[in-house]
Amino acid sequence: MADGDDLDLSFPPCLRLVSAFLAVERPHLLISLARDCGGGSITERVQSFIWEYCIRRADEKTHPPFLKSFLKKLIVEVESQGFEVLDKLYERLAFYMTSLKDDDYAKSNSRVLKFISFLFPEDCHELPSCPKSRKLVVPLQCSLNMLEGVLFGLQVFSCQSSSFLAQKYSPINPVLRQVGSGVGLVGICLAHVKASKVILSDGDLSTLENMKHNLELNGLGNRTDLSERTIEDPDLVKCIHLPWESSVGIELQDFMPDIILGADVIYDPLCLPHLVQVLAFLLKRGKEISTDRPNVEYGRGESREGPIAFIASVIRNIDTFNHFLRLAGEANLNVEDVTEDFVPFNLLPYLQSYTRSSTHLFTLTCL
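Oh and the sequence shown: position 127 is 849 in the numbering used here, straight run, nothing missing.
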């Protein structure tokens, strides 16, 4: 792009910056992306772009403390580089400084709206999941606690991986189930890639309610009352309350997925026996009835009968992870690290709030 031209979304660094802003990425990461737009400097041209495509277009749904923090860091960065700051950026920061008290706002607003933009590379046109615009935007209401830390990154990693898996399994029209579904991002992604049925579960009722809200934000139907669960409805994403510790066979036997997904579920030693119990039942029961389903190929070209579970996780505590492996072994489940075999497309090149290299993808199968 020529130096005299106005910046716009056709310039990849600018598209990444706006995508990160809509995703409520941390301000210092936005500053780094802003530098990329100006070849290392946040010039007046870059500031004008930020004002036009980010600040001016921010509506009442944008989290005000996030906007105030971003503007503060942006102004400090521009001044430190010796450039003049646009007056309208000063004026908007002054407005937030005088009208907003972060503590009061946080008490009454515990959630924030993110827009996650999946940016497909140019060579992805033939993929069934690739929109004509090569961009898929998913609105999500998230807890403020998810703005920091690894959990949301794991949801994103699992989401990209699940897109890859659903495409790989597309010949058998897979039924997919997620345990510990969080904000519902993975389920929304799976619905987009046309899984035949998606079942999202979580043991926390407030999380389940927020997940239902996110499905509605994305135009997806959902049902929490499964009294009519024998009715086939391929466009329906089901949400169910599933506390691992109280789940028994009769509650699980009607849900026989081809693929089971989980993100950041290996973290609490006290919960692991219950998690393994749920996974073991679904995998073993699914294998028993898999004679009516075709074998599927996965990983390094291997083919096997029965369902398979994929778990995305960061190994924070090696003792906790080893405890999970022992429990899985006792339940006759095979655990394999397939991180290098299932490498998803990087559809979120702007999302830097988690370290992708530290995330592992494991498969669990019934021996």
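Glycine included, each C-beta is placed from N, C-alpha and C at the ideal position.
Reference residue i, options the options, closest by Cα
i, options, result
"E766", "V905, S1035 and L811", "L811"
"P991", "T929, A1050 and H963", "A1050"
"A1053", "A1034, H996 and I1040", "H996"
"A745", "L858, V798, E844 and S821", "L858"
"G762", "K836, G804, P787 and I981", "G804"
"M933", "C846, E844, D986 and R833", "R833"
"C961", "G984, S923 and L983", "S923"
"T1081", "V740, L1069, R1038 and L1070", "R1038"
Under the three-state DSSP convention, the category residue i falls into
i, result
"E747", "coil"
"C993", "coil"
"T952", "Here T952 scores only 35 on pLDDT, less than 50, and its place in the model is too uncertain to base an answer on."
"K664", "Here the chain comprises residues numbered 723 to 1089, so residue 664 is not present and cannot be evaluated."
"I981", "strand"
"L841", "strand"
Alpha helix (DSSP H) segment containing residue i, residue limits
i, result
"I1040", "I1040 to E1052"
"A913", "L907 to H914"
"L937", "L927 to L939"
"S821", "D809 to S821"
"V798", "P786 to S802"
"E806", "Where E806 is concerned, there is no enclosing alpha helix (DSSP H), given that its DSSP letter is neither H nor E."
"I772", "E766 to I772"
Buried versus exposed call for residue i [16 or more other C-beta atoms within 10 Å across all chains shown]
i, result
"A816", "exposed"
"S732", "exposed"
"Q769", "buried"
"E799", "buried"
"D1041", "exposed"
"G1028", "buried"
"G904", "buried"
"T820", "exposed"
"R1048", "exposed"
"V1065", "exposed"
"S672", "Not covered by the structure: residue 672. The range shown for the chain is 723 to 1089."
"D955", "Confidence at D955 is low in this model, with a pLDDT of 49, below 50, so its placement is unreliable and no value can be given for it."
Beta bridge counterpart(s) of residue i as assigned by DSSP
i, result
"T1087", "N1056"
"V834", "C864"
"Q900", "L922 and L983"
N-terminal and C-terminal residue of the beta strand (DSSP E) that residue i is part of
i, result
"K960", "V959 to H963"
"V920", "K919 to D924"
"S1035", "I1030 to S1035"
Any non-hydrogen atom of the ligand FAD within 7 Å of residue i CB
i, result
"E1052", "This structure simply doesn't include the ligand FAD, nor any ligand for that matter."
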